[in-house]
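Residue 10 is where the sequence shown starts when you use the working numbering, and the numbers rise one by one after that.
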Amino acid sequence: MHVADGDTFTLLIGKTQRRIRLHGVDCPERGQPFNRQATSFTKELLSTGTIKVKEMDVDRYGRIVGIVYISDTINLNERLLEAGLAWHYKAYDNNPFWAAKELNARDSGDGLWGEGKAVPPWNWRKGKRQ
10 MHVADGDTFT LLIGKTQRRI RLHGVDCPER GQPFNRQATS FTKELLSTGT IKVKEMDVDR
70 YGRIVGIVYI SDTINLNERL LEAGLAWHYK AYDNNPFWAA KELNARDSGD GLWGEGKAVP
130 PWNWRKGKRQ
């Protein structure tokens, strides 16, 4: 398995390697503060048990967009929000439970929320293209 960043990894499904993009969350991009922490967090959690992906969509890059469960009990998407290592990607998900998880991490100053003004990855990507 290869973890590209906090919200994207490659998983062997059957005999095929598939890229997985986490649904409803967006982790810091390479070059942003907390990118390495989010990537390490994802890598560590994925190594702890059996991985199951609940497919929600396939994106324009052919990646499976899904909710990832580890050993049936750990929801990786939610854990990233709780740890303050991801934004709730409201443009693609309107789950109020996940919005509350992000807000709790913000209020507690966890992870990237302790750094002052964090730049959402979607704004960072736009800035990189300009």
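Just so you know, even glycine gets a beta-carbon here, dropped at the ideal spot from N, CA and C.
Asked                                                                                                                                                             : Found
Taking the continuous beta strand (DSSP E) assigned at A13, which residues delimit it?                                                                            : 11-14
Pull up the CB-CB distance for I29 and L20, whole angstroms please, since I reckon it's below 8 Å.                                                                : 5 Å
Spatial neighbours of L54 within its chain, please: CB distance less than 7 Å, with the 5 preceding and 5 following residues excluded, ordered by chain position. : I79, I83, L85, R88
Report the three-state DSSP secondary structure of N103 (helix, strand or coil).                                                                                  : coil
By a C-beta neighbour count over all protein chains shown, 10 Å radius and 16 as the cutoff for buried, is G33 buried or exposed?                                 : buried
Do A47 and L94 have their CB atoms nearer than 8 Å?                                                                                                               : yes
From the DSSP output, in three-state form, read off G6 for me.                                                                                                    : Because residue 6 is not part of the residues shown, which for the chain are 10 to 139, the question remains open.
As a quick exercise: from D35, C36, Q41, H11, pick the residue whose alpha carbon is nearest that of G136.                                                        : Q41
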